[in-house]
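This report refers to the structure that appears directly beneath it.
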Amino acid sequence: MITTQNLTKSYKGHLALDDVTLTFNEGMVGLLGPNGAGKTTFLRVMATLQKPTSGSASIFGVPLSQPEEVRRQIGYLPQHFSVYPQLTGREFLDYVGVLKGIHAAKARQEEIERILDQVNLTDKADKKVRTYSGGMRQRLGIAQALLGSPKMLIVDEPTAGLDPEERVRFRNILTRFSVGRIVLLSTHIVADIESNCRQIAVLSRGQLVLSGNLSDLADVGDGKVWQAVLN
Ligand code: ATP
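Start counting the sequence shown at 1; every next residue gets the next number (full-length UniProt numbering).
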């Protein structure tokens with residue numbers, strides 16, 4: 001479960017997040033809003049990469065004020081994910097695995113093989129990342145986020161720029177993960193929300209303007225209220 005209480009983030013007086021209070025249960029959560037609404041700021045605060053200016057939040061009961069403990073629970077795929085193109089996919093994951101503190105080589109290798117299979121990259125794992133398509137890079141991105149067995153994934157517009165087939169493939173990976181866990185997904189893509197998310201939150205100018213179960217919100221304004229913010 002995620003909860004935030006009056007979460008606020010200000011950049012030199014500019015309120016990127018303004019008093020956001022919400023609760024999410026397990027499953028996939030869609031975070032929506034126009035450009036500049038504060039989505040990335042929200043995700044970065046939840047990933048403990050930025051400190052809130054005021055307010056509080058917790059992930060599975062662990063407050064953000066304990067960042068080391070929070071980081072053990074989460075995997076993060078940033079909006080602009082970059083990889084070392086000269087490494088192979090497997091080498092890259094090995095490198096991230098060490099950074100995440102999975103020091104026992106055998107355990108790390110076993111975990112990497114399991115994740116490569118989950119993201120359908122096993123047969124490409126020994127190819128250099130520079131030869132990967134955009135979709136394969138994003139799947140490698142989600143693979144590095146899965147290392148360390150997180151209970152929650154935080155993913156920032158992961159399907160932007162992917163073709164429809166890759167989008168479906170990516171969504172399926174997130175859906176499988178989200179069972180009994182949480183995926184916090186920022187997106188502009190209606191299909192990402194409609195096919196995956198049980199819950200949504202809509203931000204506008206840093207403020208929470210709508211949140212709840214998608215099924216409850218489907219009838220609000222002919223179901224167009226939440227879609228309007230995507231345009
Ligand atoms: P997008 O969909 O374009 O990625 P977003 O909803 O993710 O937008 P944020 O990137 O969180 O929005 O930005 C929210 C507001 O905070 C914007 O007005 C942005 O210009 C501002 N902002 C974000 N990061 C910083 C920063 N490091 N310093 C100053 N202002 C920032």
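Think of the CB as a built atom: it goes at the ideal place given N, C-alpha and C, for glycine as much as any other residue.
This structure is a prediction, so every number in the text was calculated from the model and none was measured.
For Ala47, no alpha helix (DSSP H) run applies, since DSSP gives it neither H nor E. Look at Ile154 here: in three-state DSSP terms it is strand.
Within the same chain, Thr159, Ile189, Ala191 and Asp192 come within 8 Å of Arg167 by CB-CB distance, once the 5 residues on both sides are set aside. The three-state secondary structure of Ala191, taken from DSSP, is helix. One Cα belongs to Val62, the other to Leu17, and the distance between them is close to 21 Å. For the ligand ATP, the residues with a Cβ under 6 Å from any of its heavy atoms are, in chain order, Tyr11, His14, Ala16, Gly33, Asn35, Gly36, Ala37, Gly38, Lys39, Thr40 and Thr41.
Counting along the chain, Asn6 sits inside the beta strand (DSSP E) bounded by residues Ile2 to Tyr11. If you look at Gly97, you'll find it in the alpha helix (DSSP H) that goes Gly89 to Leu99. Between the alpha carbons of Asp94 and Arg108 lies a distance of about 7 Å. For Asp18, the enclosing beta strand (DSSP E) has its first and last residue at His14 to Phe24.
Secondary structure of Gln109 (DSSP, three-state): helix.
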